[in-house]
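What follows is one structure encoded as structure tokens, with my remarks underneath.
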Amino acid sequence: MIPPGTRLRRALTDRPIMIPGAFNALTAKLAERLGFAAVYLSGGALSAGWAGLPDIGLLTQTEFAEQAAV
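Under this note's numbering, the first residue of the sequence shown carries the number 1138, and numbering increases by one thereafter.
This is the structure we're talking about:
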């Protein structure tokens, strides 16, 4: 298995990477199925979509990590 750091360095030298933002695990999986090499979880989108709250630091790091791990 290739270490994650090596994979990232190779990806960055190959070509530009288009990285879509996801607001939950489902949209991240959909982006993966569509062939995106990377996805980022948006804190603002997670706050609004999961908790119905503005992105003003109301979600804890634990809640954010739990939703990212789903």
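Quick reminder that beta carbons are idealized off the backbone N, C-alpha and C, glycines included. Bear in mind that the values here come from a model prediction, so they are computed numbers and not experimental data.
One or two residues paired with residue i in a DSSP bridge
i, result
"GLY1158", "TYR1177"
Local conformation of residue i per DSSP, three classes
i, result
"ASP1151", "helix"
"PRO1141", "helix"
"THR1197", "coil"
"LEU1190", "coil"
"LEU1171", "coil"
Residue i versus the options, residue with shortest Cα-Cα distance
i, options, result
"ALA1182", "PRO1141, LEU1149, GLY1142 and LEU1195", "LEU1195"
"LEU1149", "ILE1139, LYS1166, ALA1174 and LEU1178", "ALA1174"
"ALA1205", "ALA1185, ARG1170, LEU1163 and GLY1189", "LEU1163"
"ALA1202", "GLY1189, THR1143 and SER1184", "SER1184"
Cβ separation of residue i and residue j, assumed to be a contact under 8 Å, to the nearest whole Å
i, j, result
"ALA1168", "PRO1157", "5 Å"
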